[in-house]
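S.K.: In the order they appear, the protein sequences are chains A and B. So the first sequence is numbered by my numbering: it starts at 6 and just counts up by one. So the second sequence is numbered by my numbering: it starts at 6 and just counts up by one. We treat Cβ as the ideally placed atom computed from N, Cα and C, and that holds for glycine.
2 protein chains.
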Amino acid sequence: MYELLKVCGRAKRGRLHTVHGVIETPVFMNVGTAAAIKGALSSMDLKEIGCQVELSNTYHLHVRPGDDVIYQLGGLHRFMNWDRPILTDSGGFQVFSLTELRGKIREEGVTFSSHVDGRKIFMGPEESMQIQSRLGSTIAMAFDECAPSKADRSYIEASVSRTTRWLDRCVAEMKRLNQQEETINPKQLLFGINQGGILADVRMEHAKRIAEKELDGYAVGGLAVGESHEEMYHILEVTVPLLPQNKPTYLMGVGTPENILEGVARGVDFFDCVLPARNGRHGHVYTNAGKLNLWNERYKLDDRPIAEDCQCPTCRHYSRAYVRHLLKAKEMLGMRLCVLHNLYYYNHLMAEIRQALEEDRFEQFKLQKLEGYHANAKSL
Amino acid sequence: MYELLKVCGRAKRGRLHTVHGVIETPVFMNVGTAAAIKGALSSMDLKEIGCQVELSNTYHLHVRPGDDVIYQLGGLHRFMNWDRPILTDSGGFQVFSLTELRGKIREEGVTFSSHVDGRKIFMGPEESMQIQSRLGSTIAMAFDECAPSKADRSYIEASVSRTTRWLDRCVAEMKRLNQQEETINPKQLLFGINQGGILADVRMEHAKRIAEKELDGYAVGGLAVGESHEEMYHILEVTVPLLPQNKPTYLMGVGTPENILEGVARGVDFFDCVLPARNGRHGHVYTNAGKLNLWNERYKLDDRPIAEDCQCPTCRHYSRAYVRHLLKAKEMLGMRLCVLHNLYYYNHLMAEIRQALEEDRFEQFKLQKLEGYHANAKSL
Chain A
6 MYELLKVCGR AKRGRLHTVH GVIETPVFMN VGTAAAIKGA LSSMDLKEIG CQVELSNTYH
66 LHVRPGDDVI YQLGGLHRFM NWDRPILTDS GGFQVFSLTE LRGKIREEGV TFSSHVDGRK
126 IFMGPEESMQ IQSRLGSTIA MAFDECAPSK ADRSYIEASV SRTTRWLDRC VAEMKRLNQQ
186 EETINPKQLL FGINQGGILA DVRMEHAKRI AEKELDGYAV GGLAVGESHE EMYHILEVTV
246 PLLPQNKPTY LMGVGTPENI LEGVARGVDF FDCVLPARNG RHGHVYTNAG KLNLWNERYK
306 LDDRPIAEDC QCPTCRHYSR AYVRHLLKAK EMLGMRLCVL HNLYYYNHLM AEIRQALEED
366 RFEQFKLQKL EGYHANAKSL
Chain B
6 MYELLKVCGR AKRGRLHTVH GVIETPVFMN VGTAAAIKGA LSSMDLKEIG CQVELSNTYH
66 LHVRPGDDVI YQLGGLHRFM NWDRPILTDS GGFQVFSLTE LRGKIREEGV TFSSHVDGRK
126 IFMGPEESMQ IQSRLGSTIA MAFDECAPSK ADRSYIEASV SRTTRWLDRC VAEMKRLNQQ
186 EETINPKQLL FGINQGGILA DVRMEHAKRI AEKELDGYAV GGLAVGESHE EMYHILEVTV
246 PLLPQNKPTY LMGVGTPENI LEGVARGVDF FDCVLPARNG RHGHVYTNAG KLNLWNERYK
306 LDDRPIAEDC QCPTCRHYSR AYVRHLLKAK EMLGMRLCVL HNLYYYNHLM AEIRQALEED
366 RFEQFKLQKL EGYHANAKSL
């Protein structure tokens, strides 16, 4: 199912075969929280900008329009007309971060209030698997608690321990659901999630525990939530080597192009982040020489594309001056063109990374990219 | 330049040859006020949905980003990357409707405040032609006053008389500008505008006056501003026959599909309106059986496209249920998909009208369409 095509240091070049097609890794998943990419991008656009995997949020779809609605409409792939792989998160992250319920977590699961209509919802490992099964995603994520990295050791240890017990319940429930006749995707994959904040020993112990459980993939969760980049890289260095190398590794919610290059160097296959789309909506766009802020006066008469060497739909057709005008005139098209560019940039970066890995020059490629980001950002 | 291909009663099937290509009429122009269609549509999208002519607003582009900026960037076509015809209005309508300046109109022109930064701007016939020349549109509109239809006869008569004098200044200035070496489009066309509120005799007298002036086309302005549909149709019936049949006729700012069918029947070639894009942004979408409000609960599980027989990008790929979800989740994509559908609907309606005219069955086609709009709207 997962082919490890090549290893360069810790970096992996892999290929995950799924019922919805092949995923070439390292890969960046494009985040479409509510079954749509913010910035008015459609699933047709995702194809045009080279997206391999779309990521949707279980919590958001559960509260609106409801996983029952999406199930009745044939599942998420059909709902949003996307025939390539989809990863759904477990809902846990939103449940814990959108609601104020520390202390209300029980062994069974969590009760929280919908941000849409305030109604009380219960979610535990079984419920999360059931929702993701009804959505019919390609890859489901285990239900975990993303404990605050500032929490004390005793809290984190208890939380991680519960997350391990929840994982067993996820595995059992997913197995049961995949055997149901009415299941939309009976080959739904399940990834487990490593937790432990920035406590290296807890992370390592937990990594060993979940590595034993023959999952389809392994994520490192609970990072990029306030710790420093160095702390994040250190956790990856001690944790990833304990996860099975012959399974995909996913660093959740990360990050900048720099973070991604460093993550790949530490053995990560899968990434996702809202950053490129959010930056795009604010007119901040990526180039190999750093980010540009298209609101800047200096682009008023700049007839060049955002990036001279970019083949995205925006750069092929429109100038910095035009996009800047659209942003200033509050035309939605301005945000859309910036998001198209940024996601293309990320997807293309991953393609470049894969090629560099294949050609045994990833380390050199990485240094060159980092140099570009740091050296020239001010010169554009 | 304008070929009259066919006449059916008063209805005309025409073809206008321009430096930016041929316009098959009757045509609906898609409104991109600030050089972009609201709803995040790009010029690439406009091609996909069959737009022949894009319409931009001189006033808006003059205040932001400035016609000097667009001129330096090579003109509006290059700025927004649209190689087909563009019509620019004169700025007059916005100057008179966005600003409170009744009484401040002088023979020379009008002084008003920018809605962007409040600075004082003077615009008269020469300034309007100069701005439109710098934009380099295919068709420029004469600078006129669109007097309030409720104004008294003496005001309207004086206003129309001034508009006629302004037209002579527009003609002279456009001639001069088209001879300048640095002009972006030295073959810029100029359409005159008939005014007179709902006073049939003033309209008719004015139509005769401007018909003498060998213009590239003739518009009927100042309608769809509060009068009844019957009053509008009556004005068309008495005015259009006095305008040259061998020149294109343009009904400004109109309207619903019903209005367009009635306008074509009365000899109109060109239409424009913000309605389909605005309705789309509100989730109101057109079908041959009337408008649907996609916010309605009844579409929650509706797997059908907006219109079963529609070939627009939205209907080819997405369901009513999905679009409804996007609208409710406040995803920009929802508005975008509705606007794509609505503008396609309008552009396609015009293609159907042209074909019906060619096949000598326009009257029958019109009745059938009107029947559909009225009969079935509630049944969907």
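Is Glu112(A) close to chain B? Criterion is C-beta to C-beta, closer than 8 Å.
M.R.: Cβ-Cβ to chain B under 8 Å: no for Glu112(A).
S.K.: Between which residues of its own chain and Arg208(A) is the CB-CB distance below 7 Å, once the five residues before and five after are set aside?
M.R.: Asn199, Gly201, Ile240, Val243, Thr244, listed in sequence order.
S.K.: Listed in chain order, which residues of the region 65-90 of chain A have Cβ atoms closer than 7 Å to some Cβ of chain B?
M.R.: Taking 7 Å as the Cβ-Cβ cut-off against chain B, the residues of the region 65-90 of chain A that qualify are Arg69, Pro70, Val74, Gln77, Leu78, Phe84, Met85, Asn86.
S.K.: Taking the straight line between their C-alpha atoms, what separation do you get for Ile44(A) and Arg124(B)?
M.R.: Before going further, note that residue 44(A) is Gly rather than Ile in the sequence given. Rounded to the nearest angstrom, the two C-alpha atoms are 32 Å apart.
S.K.: For a contact meaning CB atoms closer than 7 Å, what does Met470(B) contact in chain A?
M.R.: Outside the displayed range of chain B (6 to 385) lies residue 470(B), so it cannot be described from this structure.
S.K.: Quick one: is Trp87(B) buried, meaning 16 or more other Cβ sit within 10 Å of its Cβ, or exposed?
M.R.: With 16 or more other Cβ atoms within 10 Å, it is buried.
S.K.: Decide if the region 70-80 of chain A is in contact with the region 139-148 of chain A; the criterion is three or more beta carbon pairs, one per stretch, under 8 Å apart.
M.R.: Yes, the region 70-80 of chain A touches the region 139-148 of chain A.
S.K.: Do Leu248(A) and Ala212(A) have their beta-carbon atoms positioned less than 8 Å apart in this structure?
M.R.: Yes. Within cutoff.
S.K.: Strictly below 8 Å CB to CB, what residues from chain A border Lys305(B)?
M.R.: Within 8 Å Cβ-Cβ: Pro70, Val74.
S.K.: How would you list, in chain order, the residues of chain A whose beta-carbon sits under 7 Å from the beta-carbon of Asp308(B)?
M.R.: The answer, in chain order, is Leu78.
S.K.: Which of helix, strand or coil does DSSP assign to Cys317(A)?
M.R.: In the structure shown, Cys317(A) sits in coil (DSSP, three-state: anything other than H, G, I, E or B).
S.K.: Determine the direct distance from the alpha carbon of Met179(B) to that of Met134(B), and round the result to whole angstroms.
M.R.: If you take the alpha carbons of Met134(B) and Met179(B), they lie about 6 Å apart.
S.K.: Three or more beta-carbon pairs under 8 Å between the region 354-372 of chain A and the region 318-335 of chain A, yes or no?
M.R.: Result no; under three Cβ-Cβ pairs closer than 8 Å.
S.K.: Which chain A residues are close to Arg399(B), counting only those with a beta carbon under 7 Å from its beta carbon?
M.R.: This structure does not reach residue 399(B), given that chain B is present from 6 up to 385, and the question cannot be answered.
S.K.: For Asp50(B), I'd like the list of residues in its chain whose CB is within less than 7 Å of its CB, leaving aside the five on either flank, ordered along the chain.
M.R.: Leu345, listed in sequence order.
S.K.: Under 8 Å, do Asn190(A) and Asn284(A) count as touching if we go by C-beta distance?
M.R.: For Asn190(A) and Asn284(A), no; Cβs fall outside 8 Å.
S.K.: Considering just the uninterrupted stretch of the alpha helix (DSSP H) at Met134(A), what are its terminal residues?
M.R.: Taken as a continuous stretch (DSSP letters only), the alpha helix (DSSP H) holding Met134(A) covers 130-140.
S.K.: Judging by CA-CA distance, which residue of Arg325(A), Glu263(A), Cys317(A), Arg15(A) is the nearest neighbour of Gln373(A)?
M.R.: Comparing Cα positions, the closest option is Glu263(A).
S.K.: Around the C-beta of Pro390(A), are 16 or more other C-beta atoms found within 10 angstroms, so that it is buried, or is it exposed?
M.R.: Any question about residue 390(A) goes unanswered here, given that chain A covers just 6 to 385.
S.K.: Taking 8 Å as the cut-off, decide whether the C-beta atoms of Thr254(A) and Gly272(A) are in contact.
M.R.: Yes; because the gap between Cβ atoms is below 8 Å, this pair is in contact.
S.K.: Cβ closer than 9 Å: which chain A residues qualify as neighbours of His120(B)?
M.R.: Within chain A, no residue comes near His120(B); the closest Cβ sits about 12 Å away, beyond 9 Å.
S.K.: Taking CB distances under 8 Å as the criterion, tell me whether Tyr327(A) reaches chain B.
M.R.: Yes, Tyr327(A) lies at the interface with chain B (some Cβ there is under 8 Å from its Cβ).
S.K.: Would you list the residues sitting across from Val230(B) in a DSSP beta bridge?
M.R.: DSSP, once it has assigned bridges, lists no residue as partnering Val230(B).
S.K.: On the DSSP letters alone, give me the boundaries of the beta strand (DSSP E) that Gly377(B) sits inside.
M.R.: That residue, Gly377(B), is in no beta strand (DSSP E); its alpha helix (DSSP H) goes 367-380.
S.K.: By Cβ distance below 6 Å, which residues in the same chain neighbour Gly267(B) in space, the five residues on each side in sequence not counted?
M.R.: Residue 267(B) is actually Glu in this sequence, not Gly. Tyr238.
S.K.: What does Arg18(A) pair with, by DSSP beta-bridge criteria?
M.R.: Lys11(A), per the DSSP bridge assignment.
S.K.: Ignore the nearest five residues each way along the sequence and tell me which others in Leu9(A)'s own chain have a CB closer than 7 Å to its CB.
M.R.: Excluding positions up to five away in sequence, the list reads Lys17, Gly19, Gln250, Asn251.
S.K.: On the CB-based measure, 16 or more other CB atoms within 10 Å of its CB, does Val58(B) come out buried or exposed?
M.R.: Buried, because 16 or more other Cβ atoms sit within 10 Å of the Cβ of Val58(B).
S.K.: Helix, strand or coil, according to DSSP, for Asp274(B) in the structure here?
M.R.: Coil at Asp274(B), not helix or strand.
S.K.: Note down the Cα distance separating Glu113(B) from Leu220(B), rounded to an integer number of angstroms.
M.R.: Cα to Cα, the separation comes out at about 22 Å.
S.K.: Any beta carbon of chain B sitting closer than 8 Å to that of Ala380(A)?
M.R.: Ala380(A) does not count as touching chain B.
S.K.: Going along chain A in order, which residues have a C-beta closer than 8 Å to the C-beta of Pro281(B)?
M.R.: Near Pro281(B) there are no residues of chain A at all, since even the closest Cβ is about 16 Å away, more than 8 Å.
S.K.: Please classify Lys109(B): is it buried, with 16 or more other beta-carbons within 10 angstroms of its beta-carbon, or exposed?
M.R.: Result: exposed.
S.K.: Name the chain B residues that come within less than 7 Å of Tyr323(A), Cβ to Cβ?
M.R.: Ordered by position in chain B, the residues that pass the 7 Å Cβ test against Tyr323(A) are Asn86.
S.K.: Using a cut-off of 9 Å between C-beta atoms, extract the partners of Pro318(A) located in chain B.
M.R.: Within chain B, the residues near Pro318(A) are Ser47, Met49.
S.K.: Can you say whether Phe276(A) is buried or exposed, counting buried as having 16 or more other CB atoms within 10 angstroms of its CB?
M.R.: Phe276(A) is buried by the Cβ-count criterion.
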